[in-house]
Amino acid sequence: AQSVTQPDIHITVSEGASLELRCNYSYGATPYLFWYVQSPGQGLQLLLKYFSGDTLVQGIKGFEAEFKRSQSSFNLRKPSVHWSDAAEYFCAVVSSGGSYIPTFGRGTSLIVHP
Amino acid sequence: EPEVTQTPSHQVTQMGQEVILRCVPISNHLYFYWYRQILGQKVEFLVSFYNNEISEKSEIFDDQFSVERPDGSNFTLKIRSTKLEDSAMYFCASSASALGTDTQYFGPGTRLTVL
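Just so you know, the protein sequences line up as chains A and B, in that order.
Under my numbering, residue 103 is the last one in the first sequence; the count climbs by one each step, no gaps.
Under my numbering, residue 219 is the last one in the second sequence; the count climbs by one each step, no gaps.
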């Protein structure tokens, strides 16, 4: 069965600093990978997704993520964080064959200091 | 941009009571889902629904749960006799297709508190 690990429950950064949120997955084949963001009182919004091809994917709000097969990772990055990026971030994996239901990580809460 | 909406945003109920959580998916979507997130835990899949039938469900979705699309716009999750452990955030989602590459659009959630 597939699984997703987000090792950091909380991450605190200063506004303007760079950000990297970690995501590791366990799945036998190449998965479909997603990052979602949840702002307070909002639903989960898709930031970006990876299916195939270029392993560096660009998303909305200046985010990017890199798929590294050798490390089973799909880390989310942003070069300069804004206060409005404070939110909960979820990594998810969908199997490329079979069920289309995503498996989510526990989420990482991003705190941005001014 | 079209969005998934959910009502109520917060529901408080007594143990043993029935609750109905409501969702309005994006209008041209055909696939609907319910997820839940117990505080501090992962978002977990409950059920998917297509063409007026459950297409997939998890082991969490037992006989206490049911889903319905009572009209052309609403999609509901019913919990017949709530338990304390049903307290969670419940998310509705919809998608245009069932492809793994297709995006599921999530609503803002309903926070269910069972006392």
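Cβ atoms here follow ideal geometry from the backbone N, Cα and C, with glycine treated the same way.
- Residue environment analysis places glycine 32 of chain A among the buried positions, since at least 16 neighbouring C-beta atoms fall within 10 angstroms of its C-beta.
- Residue pairing by DSSP places threonine 97 of chain A opposite A/Tyr78 in a beta bridge.
- In terms of beta-carbon proximity, threonine 92 of chain A lines the interface with chain B, with at least one pair separated by less than 9 Å.
- For threonine 44 of chain A, no pairing in a beta bridge is given by DSSP.
- About 5 Å separates the Cβ atoms of proline 68 of chain A and serine 7 of chain A, confirming a contact at the 8 Å cut-off.
- When C-beta atoms of the segment 125 to 132 of chain B are compared with those of the segment 171 to 180 of chain B, three or more pairs fall below 8 Å, so the two segments count as touching.
- Taking 8 Å as the upper bound for CB-CB distance, serine 159 of chain B and phenylalanine 165 of chain B are not in contact here, some 12 Å apart.
- Only residues of its own chain outside the window of five on either side were considered, and among them Glu9, Leu10, Arg11, Cys12, Ala54, Glu55 have a CB closer than 7 Å to the CB of asparagine 64 of chain A, listed in chain order.
- The C-alpha of isoleucine 49 of chain A is placed about 35 Å away from the C-alpha of valine 116 of chain B.
- Across the segment 23 to 34 of chain A, CB contacts with chain B closer than 7 Å involve Gly30, Gln31, Gly32, Leu33, in sequence order along the chain.
- In this structure, tyrosine 209 of chain B lies away from arginine 140 of chain B, with their beta-carbon atoms at least 9 Å apart.
- The beta carbons of valine 70 of chain A and leucine 99 of chain A sit closer together than 9 Å.
- Taken atom to atom, the span from the alpha-carbon of valine 218 of chain B to that of aspartate 43 of chain A is near 46 Å.
- Apart from sequence neighbours up to five positions away, the residues of its chain that approach threonine -6 of chain A with a beta-carbon distance below 7 Å are Asn13, Gly94, ordered along the chain.
- In the DSSP annotation of this structure, leucine 143 of chain B is not part of any beta strand (DSSP E), being labelled neither H nor E.
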